[in-house]
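To keep things clear, I will list the structure first and then write my remarks on it.
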Amino acid sequence: MPTPELSAADADPEAAVILRDDVRFAVVVALQHLPPRQRAALILHEVLDRPLAGVARALGTSPSAAKQLVVRARRALAAARVHTNVDVPVDRAVVDRLVHAIETRSVEAFTALLADDVWGVTDGGGRVRVSTKPVFGARAVGRLWAAANGRQVLPVAARARVLNGEPAVVVTLPTAGDAAMASIHLETRRGRIVALRVVRDPEKLANLELIAAEAG
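Residue numbers for the sequence shown follow the working numbering, so the first one is 190 and each next one is one higher.
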């Protein structure tokens, strides 16, 4: 995933459309049109920037077979670049509700935000132990979040920020010097979350360490 960058508070909506175009189309087509293995290969390779060997390992196949999955997915992507039904820009009210769910550690509040066809993926950069596979559906995403929430011992703080030109959420650890723990980038539709891309890679989060100091 791209490194999260703090943006101006009044980001240009047209610029946000440009920033999100490739990922948005890839995600929507993957969810709505592709077979499961093709969509997983596409997201791993195009969104998470995994090499084909890594895609092959995640899917339990050979690099050549993984390449064919990506090629077929790209062909479908090229044939289906149509208007999408996601919010542009992201619904700020949904972002604020996500902040509340994170800070209160409420599984119920989080799952209430999820669309039935939501998908999620986490980028640990090989430095944080996370699942390398995308998860699909409200039940699977909610279950994964609940498990992560249960493992988190330290208290967390969450703040809505504009990252890479879009509303997002930065999660920090107040008892660890407000270290950035994650950035959460989302897609919304009609008051619900349809995509969650979570960055946990410490190297990519390093430039967000100043956010807490700026806010304070």
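Idealized CB from N, CA, C, for every residue including glycine. As the structure is a prediction and not an experimental result, all values here were calculated from the model.
Shown here for R261: same chain residues with a beta carbon closer than 7 Å to its own, the five before and five after excluded, namely Q227 in chain order. If you check the CB distance, L231 and L223 come in under 8 Å.
In this structure, the alpha-carbon of A371 lies about 30 Å from that of T250.
Secondary structure note for D285: its alpha helix (DSSP H) is the uninterrupted segment R281 to T293.
By the Cβ criterion, the segment 284 to 299 is in contact with the segment 334 to 354, since at least three pairs of Cβ atoms, one from each stretch, lie closer than 8 Å. For the 8 Å CB-CB criterion, R381 and A304 form a contact. Beta-bridge analysis with DSSP links R381 to R378. Where T361 is concerned, the enclosing beta strand (DSSP E) starts and stops at E355 to L362.
For A368, the secondary structure class from DSSP, reduced to helix, strand or coil, is strand. For T250, there is no enclosing alpha helix (DSSP H), as DSSP marks it with neither H nor E. DSSP places A301 in the coil class of the three-state scheme, outside both helix and strand. Around the C-beta of T293, fewer than 16 other C-beta atoms lie within 10 Å, and the residue is accordingly described as exposed.
Between V342 and I373, the alpha-carbon positions lie close to 19 Å from each other. Cβ neighbours of T311 within its own chain (closer than 7 Å, five residues either side excluded): V319, S320, V387 and R389. Rounded to the nearest whole angstrom, the C-alpha separation of V307 and P225 is 14 Å.
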